[in-house]
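*Asks:* Protein chains in written order, with this note's numbering: chain A, 1 to 292; chain B, 1 to 310; chain C, 1 to 234.
Here it is: the structure, laid out below.
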Amino acid sequence: MAFGPFLLLALMEGLVTAAILALAAAGLSLVFGVMRVVNVAHGEFYMLGAVLAWAVTTMIPGPPALAFLAAVLIAPVLVAALAAAADGLILKRLNYDPEATIVATIGLLYILQQAALSLYGPNANPVAAPFEWRIQLPWFGYSGYKLFVVLAAGLVLLALWAFMTRTKAGLIMRATQVDRSTARAFGINVDRVYMGTFALGAGLAALAGVLIVPIQQAQYLMGHDPLLLSFIVVIIGGLGSLRGTLIAALVIGLSDGVISMFFTPTLAKILATLLVAMVLVFRPQGLFGARA
Amino acid sequence: MRVWVLHLGLIAVLFTAQYWLSPYLATNLARIMVLTVFAMGYNLAFGYTGLLSLGHALLLAAGMYAAGLPAQLWGWTAGPAFIAGIAGGGLVAAALGLLALRTAGVSFMIVTLMFAQAGFLTLLYFAPITGGDDGFAVAATSRTLLGFDLSADTPRFLAALVIFAVGLLASLALVRSPFGRTMVAMRENEERSRMLGYNPFTVKLAALTISGLYAGAAGAAYALLFGYVGASFATIQYSILPMLYVLLGGAGTTLGPFLGALLMFALIEAATGLTTAHQFIVGAALVALVLFAPKGILGTIRERWLRWLP
Amino acid sequence: MASLIETRGLTRHFGGLKAVDGVDFALAPGEIHGLIGPNGAGKTTFVSLLSGRLPAQSGTILLAGEDITRLPAHARVRKGIAYTFQITSIFPRLTVFDNVALAVQSQGAADLAAKTRAALARVGLEGLEEQEAETLSYGHQRLLELAMGLALNPQLLILDEPTQGLAASEIEGFKTLVRGLVPETTVLLIEHNMEVVMDLATRITVLTFGRVLATGTPAEIRANPAVQEAYLGA
């Protein structure tokens, strides 16, 4: 294949990565923006989305599209419920102290990973895509499902943006983000907002996991890389800024696709992690965030 | 006085342990003592100075490779290799601090995590030299010190004990010195410390560097005593373990790291007989500790009953 | 006589708010200088600029003729500027002894225990050494704050509303203590308690809206009509 089409393929792959990453990172960014806590177990919510999607599709007979639809509806909701429980039982009791929360979510990470290992097993299992559609471009064939993923992610993010800016619930979340005590003084139940936000963040990660699982198999360790990448995206885009997260996801997803085609993935990851560290050290507000 | 009796007494008891423990348990104890040195270093940075680092695995690996590579490539013996390991840990810690200490709180945690991750990936990238994930065994010739073979049970145990004892007593002296007071002051009220004439950056950098010397010693000891160097020691797990030991035993206490390491080891050993779900125990322990006993065992004891415990 | 502290055109804004707006100020060595003005006049901001807690946006600060405008706070402390906080800022979980020891050892750790006890005795807190600082009464915490400032052996001691919340007897003790500090130490005193200021201060500067309204002896300030209108109440 000539260079041009090769690059196009790399970009298309990168776009898929960016779409999934944007979903997962949006969840992380939301949680940090509103609650000011870092959830290290975020990658495990993503993994649980994928694993539960496998479980649902295995249990529901019939056409793959139906099973997949069920997975899309059920898995994120279950994971969101789990996250809400974690918030109520653990995070709330810690009063959302930043350092204690990080330690607690590290513990949560281990617990969830272990749960997946024990109940689901160490193997990677595939899930059938809801539809098989091969798009034939002049230079190569491409999976129609992957394009669907990009479209779906875009729609969900659009809906998220509309929710945050146009609905009352979104307004309440943004108000709590700006000033927790004033929000409380206005009668906003901050605890409930936090639980909802945490659940929503987890649900977004889980949805990303569901969408990716027909492309990439479900495995109990699959949360590690998306966690690191989500961190990178959120920090470079600016903690708490949804727009920055989106743009950073695009940049990182696309460049990851391109760089991985030309350099080893390891080198790409090294550069990415160092980049994040340097951004935090020298430009803590990221590219778009107000304050870190 | 009683503080010194307590610490020297512990060392004495551990010395005798080689006689009444089985060889298997004694070797495990040696391992625990080495990991405790790592945890003691972490305690100095986190428990006393308030620096919650998630990148200490980088420092452990630095010590391990600073000792292991010269042994592997140039045939260094244990003595020089060990010193190189300590220096490696300290230097990497200082370099890390120069950058990471420009941030604080959550950002500091993430920055240290990122640098450690980059370090791990770099070790993988240079796998031909470092052995990558598989690592390499340290040659027997490099594991001799003053004629003693460190791969044999008794010399190994004694070496681990000596390193542990020096680390413990040094940390005791440090936390009771004026600088020890300064470290705590920085944790308790940084603004006030600044307005008393202390430079927060230099104090924290010093604390982190000392922490790195300990980590380097632990990494080097692990390489030389147990004969194995590998990139797996640079993974996030080894940044979390010292934090777990310290939280369990009591952050900001001199004996907390040892108690935490000992208990976690025992807990996992006991659990291995019942289940393979080690990670669950670690995770549940972290959550339980941070929810119900943030001061850890010795920290709670100190607060409630024994105020003189350092 | 050469000024101990001199500022020229010192300025600090917070967004649109001009907290300190081009202040020229001179502090003579050995005096007790009062700094008064209505709430929001910029008094605490001004002394924060002097002590280095806040960086200045423009203007210069001179300490005994040396330009310290760019010097970080901890370095200014080492040069002899000590600041006691308006809202008590001690080390609550450390003992009274440790609190003061931290101040003493910043100047050098020789004779630490003796010097610490001496500093405590100076403010009358001897005997409370082993107590945890947060268990002290409010008045005693203020004294601890003062002991820490004194233990730094400063050239300039900046006191930010030190008598706030103190009982009348405690205020008398405080006044005696401050009078005993000069002329070795120079004192810059922010106060709302007019009786204390008029009694203690050699000279007074009045700040409003980030600017100097007047400077002079207590009698001159009391008689100044602009000051009366802006602050004292005619």
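Glycine is no exception: its CB is placed at the ideal position from the N, C-alpha and C atoms.
Tell me the DSSP secondary structure of A/Gln219 in three-state form.
*Replies:* Residue state, collapsed to three classes: coil.
*Asks:* Check this for me: beta carbons of B/Val37 and B/Ala218, under 8 Å apart or not?
*Replies:* Cβ distance < 8 Å, so B/Val37 and B/Ala218 count as in contact.
*Asks:* Which residues does DSSP list as the beta-bridge partners of C/Thr11?
*Replies:* C/Asp21, C/Ser58
*Asks:* Given that a residue counts as buried once 16 or more other Cβ atoms are within 10 Å of its Cβ, and exposed if not, what is B/Trp4?
*Replies:* exposed
*Asks:* What number of angstroms, rounded off, separates the C-alpha of C/Ala234 from the C-alpha of C/Asn224?
*Replies:* Note on C/Ala234: pLDDT 43, under 50, position unreliable in the model; the coordinate value appears next. Roughly 10 Å between the two C-alpha positions.
*Asks:* At the level of alpha carbons, what is the spacing between C/Leu98 and A/Asp97?
*Replies:* It should be pointed out that residue 98 of chain C corresponds to Asp in this sequence rather than to Leu. Going from the Cα of C/Asp98 to the Cα of A/Asp97 covers about 27 Å.
*Asks:* B/Leu196 CB to nearest chain C CB: under 8 Å?
*Replies:* So yes, B/Leu196 belongs to the interface.
*Asks:* On the premise that B/Gly63 lies in contact with B/Ile86, defined as a C-beta separation below 8 Å, what is that separation, rounded to the nearest angstrom?
*Replies:* 7 Å
*Asks:* Which first and last residues belong to the alpha helix (DSSP H) in which B/Ala173 is found?
*Replies:* 153-175
*Asks:* If we ignore side chains and look at the alpha-carbon of each, how far apart do C/Ile262 and C/Glu134 end up?
*Replies:* Past the boundaries of the shown model lies residue 262 of chain C; chain C is included only from 1 to 234, so the question cannot be answered.
*Asks:* Which residues mark the beginning and the end of the beta strand (DSSP E) in which B/Tyr125 is found?
*Replies:* No beta strand (DSSP E) holds B/Tyr125; the alpha helix (DSSP H) holding it covers 105-125.
*Asks:* Apply the 10 Å Cβ neighbour rule to B/Thr16 and answer buried if 16 or more other Cβ atoms are within range, or exposed otherwise.
*Replies:* exposed
*Asks:* In terms of residue numbering, what span does the beta strand (DSSP E) encompassing A/Leu137 cover?
*Replies:* Neither: A/Leu137 is in no beta strand (DSSP E) and is coded neither H nor E.
*Asks:* So, under 8 Å CB-CB, C/Leu54 and C/Arg12 are touching, yes? Tell me the CB distance rounded to an integer number of Å.
*Replies:* 6 Å
*Asks:* Do B/Ala231 and B/Leu124 have their C-beta atoms closer together than 8 Å?
*Replies:* yes
*Asks:* Counting beta carbon pairs with one atom in the segment 41-54 of chain A and one in the segment 96-112 of chain A, are three or more of them shorter than 8 Å?
*Replies:* yes
*Asks:* How about A/Leu52 and A/Ala75: are their beta carbons less than 8 Å apart?
*Replies:* With contacts defined by Cβ atoms closer than 8 Å, A/Leu52 and A/Ala75 form a contacting pair.
*Asks:* Taking 8 Å as the threshold (beta carbon to beta carbon), is A/Ala292 in contact with chain B?
*Replies:* Low local confidence applies: a pLDDT of 37 at A/Ala292 is under 50, so the model's placement there is unreliable, and no value is given.
*Asks:* What are the residues of the segment 85-112 of chain C that lie near chain D, defined by any Cβ-Cβ distance shorter than 8 Å?
*Replies:* Going by chain labels, chain D is absent from the structure shown, which instead holds the protein chains A, B and C.
*Asks:* Counting only Cβ-Cβ distances shorter than 8 Å, please list the residues of the segment 232-247 of chain B near chain A, keeping chain order.
*Replies:* Ile240, Met243, Leu247
*Asks:* Should A/Tyr120 and A/Pro214 be called a contact, given that it needs their Cβ atoms to be closer than 8 Å?
*Replies:* no
*Asks:* Checking contacts by CB at 8 Å: is B/Pro178 closer than that to chain A?
*Replies:* no
*Asks:* Across the segment 266-280 of chain B and the segment 128-144 of chain A, are there enough close Cβ pairs to call them in contact, namely three or more that are closer than 8 Å?
*Replies:* no
*Asks:* Would you kindly work out how many angstroms separate the C-alpha atoms of A/Pro5 and A/Val150, rounded to a whole number?
*Replies:* 20 Å
*Asks:* Count the other CB atoms, across all protein chains shown, that sit within 10 Å of the CB of B/Ile129; report buried if there are 16 or more and exposed otherwise.
*Replies:* Under this definition B/Ile129 is an exposed residue.
*Asks:* For the structure I just gave you, are there three or more beta carbon pairs, one from the segment 151-158 of chain A and one from the segment 174-192 of chain A, closer than 8 Å?
*Replies:* no
*Asks:* Extract the residue ranges of the alpha helix (DSSP H) inside the segment 37-69 of chain B, only unbroken runs of 4 or more that lie entirely within it.
*Replies:* none
*Asks:* Of all the residues that make up the segment 92-111 of chain A, which are near chain B by a beta-carbon distance shorter than 8 Å?
*Replies:* Arg93, Leu94, Pro98, Glu99, Ala100, Ile102, Val103, Ala104, Ile106, Gly107, Leu108, Leu109, Tyr110, Ile111
*Asks:* With 16 as the cutoff for other CB atoms within 10 Å, does C/Tyr138 come out buried or exposed?
*Replies:* exposed
*Asks:* Considering Cα atoms alone, identify which of B/Glu190, B/Leu255, B/Ile210, B/Leu145 is closest to B/Ala71.
*Replies:* That would be B/Leu145, whose Cα lies nearest to the Cα of B/Ala71.
*Asks:* Our contact map puts C/Thr116 next to C/Val100 with C-beta atoms below 8 Å; I'd like the distance itself, whole angstroms only.
*Replies:* 5 Å
*Asks:* Report the residues of the segment 103-129 of chain B with a CB closer than 7 Å to any CB of chain A, ordered along the chain.
*Replies:* Thr103, Gly105, Val106, Ser107, Met109, Ile110, Val111, Met114, Phe115, Gln117, Ala118, Leu121, Thr122, Leu124, Tyr125
*Asks:* Mind listing the chain B neighbours of C/Leu152? Cutoff is C-beta to C-beta under 8 Å, in chain order.
*Replies:* Under a criterion of Cβ atoms nearer than 8 Å, the residues of chain B adjacent to C/Leu152 are, in order, Leu196, Gly197.
*Asks:* I want to verify the contact list: residues of chain B whose CB lies under 8 Å from the CB of A/Pro284, in sequence order.
*Replies:* Residues of chain B passing the Cβ test: Thr103, Ser107.
*Asks:* Taking 7 Å as the cut-off, does the CB of C/Gln141 come closer than this to any heavy atom belonging to the ligand NAP?
*Replies:* Absence of the ligand NAP is noted for the structure shown, with no ligands found whatsoever.
*Asks:* Alpha carbons only, please: which of A/Gly253, A/Leu91, A/Leu275, A/Ile60 is nearest the one belonging to A/Ala199?
*Replies:* That would be A/Leu91, whose Cα lies nearest to the Cα of A/Ala199.
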